[in-house]
């Protein structure tokens, strides 16, 4: 279904782009391109003889129109931090990489209106800093914040550990500018709180992984800067107790920023493998939760007092075994380090398969217990466990290799074990991709597990907007062969 | 581009539907159909010889598949309260009406999770009552709440006067079930807080006015029931002062439910024409704002105290001329009656053209002043004014007839004056449809004023998902002729 470019289409394109924009925009030096051909985790190796680095939306539009005329596929790329190979070009060298990194201006900040208009290449931590300098906060954050760019964060509907209060990117995008596959520019930057002019193109582009449009800028919501925060660590009996505690907090306040769950096993690995870590509570507990709550200036009760009050209620109701509130910012950071080091500690302890999945929050405790049990029964010797964002129903479900497994275990077993895990997720009404997207890695699983309605709709939308399959081909959507006559 | 059904396709369809589902589902009695052929405001007259009333999603799917096979267009209908002719069938009688009203079950309420799963035919006020019985609130409300159904509210991304805190339907829909034009069922009801499995079909269906899918059920977010509310009325100098006051409130609290603006002229009309109304403040003011704030149990400061404190700051800063807080629920209702009666009072005072438009909140004060001035200069004798939801940038911009104009003034002038108003809106970066949608009424204006990118994208999405243009034809989207070979 893809229009096959003629073998030298990419070379014609490179020549034309070079002639029009010069070597700063049209890069053909293999050494300069090499770092952008492999994904962040080193799982996918692509090839490309052309790297485009436009500096403006108009340049992006012109390059896209040129590529469309020559039928050259484009792979948009920001910080290249995809966890699913979403920004790696195809291995056959047919596509050009279109990097947005040079488009890194924050065009405008309006702190009173709570709005920033920023280009796709702005790095997340730079936006954090820019907002903070104006007394505002861009509330989304994640591990790759020093590399990940806004265009990629929008295109993957990024989440992270702090989405409870203000949501994922989908909830923070107030406007978008994007270049569509025909080279036309969609200017949807105006932050309209009510706008019912038909299909919401901005929402469609969020999470589309660059397959429908290349995001060039976004209008993003800013919130009041945090005046203070409090971080607590609690030991609980089970994920069910953790959920009941979450409900207790949710009923009492909408200031909850994070609610993370950590099993004893994961905490143990961190304490064993990560230097300078210690358990926050003196006794062992089967499960732990990390709770963060914030306050802006105007709010009355300090977050530490509110957490303490609610934890006390949790203790009374038997939901909490023991708990402590970080007494300092350093201790708060130490609690977070325990949570954030789990993946690293697991890697140090042996091979594991990781799954970024979600189920409805109410279904999560059962899924964590029964899902792990099912995996361990089906694959004797493995141990399975989940940790992560209980508050938003998104856990990282890890299956660890049997003792003595070799380093290739994950590679050889993923084709067997991951589909088994995904089947469990689907049976629980969940999603096989909570926050990392589909990219290359999960494309076939998405095709295997989606309803005919969803699969047909994804392909129909893609074919409607990008009939020649030129935007990020091979990612996310599986295209059906065209019907005869089309 | 539309597949023209054979003249008797609708009759074949009626016979088949009747044979399969009986007369309760396939209604052909003209008297029973008649009430659903005209829009709520009586502006559009349609024709249909068949009204379908399925009772389940499976029945909807089967009817859609049958209609697709016979190429019979379907017009989905809920409470038939569209303000833009969005649910009125075409006048040529080629389409069947598919009413969702019999699908009126609330399938499930989970007060702890803050979730209701309700069918498309559930009437908004019934959902309010059902939620309240469980100590929860569905926070969206609007004038037609006694008739409007959830399917229509989803399909038009309904707003209303109370969207500041929890947003429009788009922000309240946690999951959707819909039948697509090929008869397949999209089951996206699971309330996943993080789900990145490609294009967000739920978000695409919200606001699509039934042109891409027929919404059969929705998972909706519920919030804590209001423990108390406070409503204040303030006199201000200008829309600019009103905006500054809004910012003061927004900076201090996220509990603001409504922030409405009313010009002196509109208040005067209400006091003149609506019985049992009186001005809340003793002296006249050029502009007024109505502010509502709520509190759930757990919050500390009572809303009346918080409003009073913030209004005092507003007085100090010269943003407020005078203000009063409703001393009772009856007085709060009386304040709201002033706001809610403006349209009725205007109708009593003479012909007017109404426009449901939005601009970025920060741009609204200038737009209100300068837009009115521009209209009055261009159309001597008219007077223009705006009132409504300042907090979400959505005002109702009314152009009143010159003195002595006849009752047909609006009909004859709308083709000249409304495009002029819409041009001003577009120049201000706004939307020609803030909350009412496009339907039939604004379809040509949407086509005239949208960017090529937007127009192309809307048509491409529609043609991808509904290639035979069978779902609500003639509404929202203007289809381009197909390219040769397709």
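Protein chains in written order, with this note's numbering: chain A, 1 to 486; chain B, 1 to 486.
Using N, Cα and C, we set each Cβ at its ideal position, and we do this for glycine too.
> Leaving out the 5 sequence neighbours to the left and right, which residues in its chain are closer than 6 Å to residue 386/A when beta-carbon positions are compared?
Replying inline: Against the first chain, residue 386/A aligns to sequence position 386. Contacts found: 368, 395 and 397.
> First and last residue of the beta strand (DSSP E) that includes residue 325/A?
Replying inline: Along the first chain, one-based indexing puts residue 325/A at 325. Its beta strand (DSSP E) spans residues 322-325.
> In terms of alpha-carbon separation, which member of 134/B, 150/B and 135/B lies closest to residue 141/B?
Replying inline: Working through the second chain from its first residue, we reach residue 141/B at position 141. It is 150/B.
>> Are the CB atoms of residue 287/A and residue 250/A within a distance shorter than 8 Å?
In response: Mapped onto the first chain, residue 250/A falls at position 250. Mapped onto the first chain, residue 287/A falls at position 287. Going by C-beta atoms, residue 250/A is not nearer than 8 Å to residue 287/A.
> Using Cβ-Cβ distances below 8 Å, what residues of the stretch 82-98 of chain B are close to chain A?
Replying inline: none
>> Just checking: is the beta-carbon of residue 371/B within a distance shorter than 8 Å of some beta-carbon in chain A?
In response: Mapped onto the second chain, residue 371/B falls at position 371. No, its Cβ sits nowhere closer than 8 Å to a Cβ of chain A.
>> My output table needs one value for residue 333/A: the three-state DSSP class, helix, strand or coil.
In response: By one-based count along the first chain, residue 333/A stands at place 333. Helix at residue 333/A.
> Counting pairs of Cβ atoms below 8 Å between the stretch 169-184 of chain A and the stretch 202-212 of chain A, do you hit three or more?
Replying inline: yes
> When you compare only the Cα positions, how much space is there between residue 241/A and residue 460/A?
Replying inline: Locating residue 241/A in the first chain gives position 241, where the first residue counts as 1. Locating residue 460/A in the first chain gives position 460, where the first residue counts as 1. C-alpha separation (whole angstroms): 44 Å.
>> According to DSSP, simplified to helix, strand and coil, what is residue 233/B?
In response: In the second chain, the residue the question calls residue 233/B occupies position 233. The answer is strand: DSSP assigns residue 233/B an E or B state.
> Looking only at C-alpha atoms, which of 473/A, 381/A and 290/A sits nearest to residue 320/A?
Replying inline: For this step, residue 320/A is matched to residue 320 along the first chain. Nearest option by C-alpha distance: 290/A.
> Rounded to a whole number of angstroms, what is the C-alpha to C-alpha distance between residue 434/B and residue 340/B?
Replying inline: Start at 1 with the first residue of the second chain, and residue 434/B comes out as number 434. Start at 1 with the first residue of the second chain, and residue 340/B comes out as number 340. Residue 434/B and residue 340/B: Cα-Cα distance of roughly 18 Å.
> With 8 Å set as the bound, which would you pick, yes or no: does the beta-carbon of residue 476/B sit closer than that to a beta-carbon of chain A?
Replying inline: By 1-based counting over the second chain, the position of residue 476/B is 476. Chain A, which has a Cβ nearer than 8 Å to the Cβ of residue 476/B, makes this yes.
> Do you know offhand how far residue 195/B's Cα is from residue 154/A's?
Replying inline: Here residue 195/B is taken as the residue at index 195 of the second chain, counted from 1. Here residue 154/A is taken as the residue at index 154 of the first chain, counted from 1. If I take the Cα positions, the gap works out to 14 Å.
> So is residue 361/B in contact with chain A if we call contact Cβ pairs under 8 Å?
Replying inline: Position 361 of the second chain, counted from the first residue, corresponds to residue 361/B. For residue 361/B, the answer is yes, since a Cβ of chain A falls inside 8 Å of its Cβ.
> Shortest alpha-carbon distance to residue 498/B belongs to which of 164/B, 158/B, 162/B and 185/B?
Replying inline: Lying outside 1 to 486, the shown extent of chain B, residue 498/B is not represented and no answer is given.
> Got a sec, what are the start and stop residues for the alpha helix (DSSP H) residue 313/B sits in?
Replying inline: On the second chain, residue 313/B is found 313 positions in, with the first residue counted as 1. Residues 303-316.
> Of the choices 454/A, 234/A, 183/A and 275/A, whose alpha-carbon is the least far from that of residue 65/A?
Replying inline: Position 65 of the first chain, counted from the first residue, corresponds to residue 65/A. Measuring from the Cα of residue 65/A, the nearest candidate turns out to be 183/A.
>> Looking only at its chain, what residues have a beta carbon closer than 8 Å to the beta carbon of residue 483/A, apart from the 5 residues adjacent to it on each side?
In response: By one-based count along the first chain, residue 483/A stands at place 483. Residue placement at residue 483/A is flagged as unreliable, the pLDDT there being 47, under the threshold of 50; a coordinate-derived value is accordingly withheld.
> DSSP state of residue 258/A, grouped into three classes?
Replying inline: Counted from its first residue, the first chain places residue 258/A at position 258. In this structure, residue 258/A counts as strand in the three-state DSSP scheme.
> Can you tell which of 445/B, 192/B and 52/B has the C-alpha that lies nearest to the C-alpha of residue 430/A?
Replying inline: Taking the first residue of the first chain as position 1, residue 430/A is located at position 430. Cα-wise, what sits closest to residue 430/A is 192/B.
>> Which complete alpha helix (DSSP H) runs does the stretch 52-89 of chain A hold, if anything under 4 residues is left out?
In response: 57-70
> Where in the stretch 86-163 of chain A do unbroken runs of the beta strand (DSSP E), each at least 3 residues long, occur, reported from the N-terminal end onward?
Replying inline: 96-99, 106-110 and 115-119
> Does residue 292/A get closer than 8 Å to chain B when you measure Cβ to Cβ?
Replying inline: Locating residue 292/A in the first chain gives position 292, where the first residue counts as 1. Answer no: the Cβ-Cβ gap between residue 292/A and chain B never drops below 8 Å.
>> Suppose the cutoff is 6 Å on Cβ atoms and the five residues either side in sequence are ignored; what does the same chain contact list for residue 371/B look like?
In response: Along the second chain, read from residue 1 onward, the residue named residue 371/B stands at position 371. 424, listed in sequence order.
>> As a quick exercise: from 126/B, 55/B, 146/B and 165/B, pick the residue whose alpha carbon is nearest that of residue 292/B.
In response: For this step, residue 292/B is matched to residue 292 along the second chain. Selected option, being the one with the closest Cα: 165/B.
>> Within the continuous beta strand (DSSP E) that includes residue 384/A, where are the two ends?
In response: One-based indexing of the first chain puts residue 384/A at position 384. Residues 383-389.
>> Less than 6 Å between C-beta atoms, sequence neighbours within five positions excluded: which residues of the same chain meet that for residue 322/B?
In response: To locate residue 322/B, count along the second chain from 1; it is residue 322. Taken in chain order, the residues that qualify are 235 and 281.
>> Check whether chain B comes within 8 Å of residue 2/A, counting only Cβ atoms and requiring the distance to be less than that.
In response: Counting from 1 along the first chain, the entry for residue 2/A is found at position 2. Below a pLDDT of 50, predicted positions are generally treated as unreliable, and residue 2/A, at 48, falls in that range; the measurement from the model is reported next regardless. No, residue 2/A does not count as interfacial toward chain B.
> Hey, how far is the Cα of residue 361/B from the Cα of residue 472/B?
Replying inline: In the second chain, residue 361/B corresponds to position 361, counting from 1. In the second chain, residue 472/B corresponds to position 472, counting from 1. The straight-line gap from Cα to Cα measures roughly 32 Å.
> With DSSP run on the structure shown, which of helix, strand or coil describes residue 357/A?
Replying inline: Within the first chain, residue 357/A is the residue found at index 357, counting from 1. In the structure shown, residue 357/A sits in a strand (DSSP, three-state: E or B).
> What whole-angstrom Cβ distance do residue 119/A and residue 105/A have, given they're in contact under 8 Å?
Replying inline: Here residue 119/A corresponds to residue number 119 of the first chain, with the count starting at 1. Here residue 105/A corresponds to residue number 105 of the first chain, with the count starting at 1. Indeed they touch by this definition, with Cβ atoms about 5 Å apart.
>> Do residue 438/A and residue 188/B have their beta-carbon atoms positioned less than 8 Å apart in this structure?
In response: Within the second chain, numbered from 1, the residue matching residue 188/B stands at position 188. Within the first chain, numbered from 1, the residue matching residue 438/A stands at position 438. The answer is no: Cβ separation not under 8 Å.
> Does the beta carbon of residue 456/B sit closer than 8 Å to a beta carbon anywhere in chain A?
Replying inline: Numbered from 1 along the second chain, position 456 holds the residue referred to as residue 456/B. Interface residue, yes.
> Rounded to a whole number of angstroms, what is the C-alpha to C-alpha distance between residue 303/A and residue 295/A?
Replying inline: By 1-based counting over the first chain, the position of residue 303/A is 303. By 1-based counting over the first chain, the position of residue 295/A is 295. C-alpha separation (whole angstroms): 6 Å.
>> 8 Å is my cut-off, CB to CB: does residue 156/A come that close to chain B?
In response: For the purposes of this step, residue 156/A is taken as residue 156 along the first chain, with counting starting at 1. Closer than 8 Å to some Cβ of chain B, the Cβ of residue 156/A qualifies, so yes.
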